[in-house]
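Heads up: the structure comes next, in structure tokens.
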Amino acid sequence: MISAARLAQLRGLIQAGRDALFYTWPEWLGLRLEVLRLDQYECQSCKQRGRHRAAKIVHHVKHLKDRPDLALSVWDPDTGERQLVSLCKRCHEEQHPESQRQFARRRPPLTSERWD
Ligand SMILES: [Zn+2]
Ligand SMILES: [Zn+2]
């Protein structure tokens, strides 16, 4: 569960477009390891399809930006299903078609305008 203070902080990060910082929080880093251990470091999506591949990523089933209140919940209290799940890189990309477009756009580095 996320504390009220942390939730307010996370909402602020999302609004500022700096939600990537969430992934550096010690609470997240600890919980992420717990989820990987729970899933025995196996991609759960591959496992459902009878394949075995190492999990690299812990994914928010209800995306962080939509449900920051579930940012640190292993289980979804609304459905009783998993909210955090271990995935391999490929299965994770399938869950985030929006980030593929973002990579395609490739923003110039932040420093490019600073020195001219
Ligand atoms: Zn997979
Ligand atoms: Zn994800």
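Per the working numbering, the very first residue in the sequence shown carries number 220; after that it's consecutive. Glycine residues also receive a C-beta, built at the ideal position from the N, C-alpha and C atoms.
Which runs of the alpha helix (DSSP H) at least 4 residues long sit entirely within the stretch 231-287? Give them in chain order. 245-257 and 263-267
Beta strand (DSSP E) segment containing L303, residue limits: In the sequence shown, residue 303 corresponds to position 84, counting from 1. Here the beta strand (DSSP E) through L303 covers L303 to L306.
Should S305 be counted as a contact of ligand 1 given a C-beta to heavy atom distance under 7 Å? Here residue 305 refers to the residue found at position 86 when the sequence shown is read from its first residue. No.
Going by other Cβ atoms of all chains shown within 10 Å of its Cβ, with 16 needed for buried, is L289 buried or exposed? Stepping through the sequence shown from its first residue, residue 289 is reached at position 70. L289 is buried by the Cβ-count criterion.
Distance between beta carbons of Q302 and H279, contact taken as under 8 Å: On the sequence shown, position 60 is the one that residue 279 refers to. On the sequence shown, position 83 is the one that residue 302 refers to. Going by Cβ atoms, the distance from H279 to Q302 rounds to 7 Å, so yes, they are a contact pair.
Kindly examine ligand 2 and report whether one of its heavy atoms sits closer than 7 Å to the Cβ of H278. Reading the sequence shown from its first residue, position 59 is the one you call residue 278. Yes.
Looking only at C-alpha atoms, which of G231, L252 and H271 sits nearest to C307? Residue numbering aside, residue 307 sits at position 88 when the sequence shown is read from its first letter. Ranking the options by Cα distance to C307, first place goes to H271.
What's the call for A274, buried or exposed, on a 16-neighbour Cβ count within 10 Å? Your numbering for residue 274 matches position 55 in the sequence shown. Classification of A274: buried, given that the 10 Å Cβ count is 16 or more.
Does P287 pass the burial test, meaning 16 or more other C-beta atoms within 10 Å, or should it be called exposed? In the sequence shown, counting from the first residue as 1, residue 287 sits at position 68. It is buried - the Cβ of P287 has at least 16 other Cβ atoms within 10 Å.
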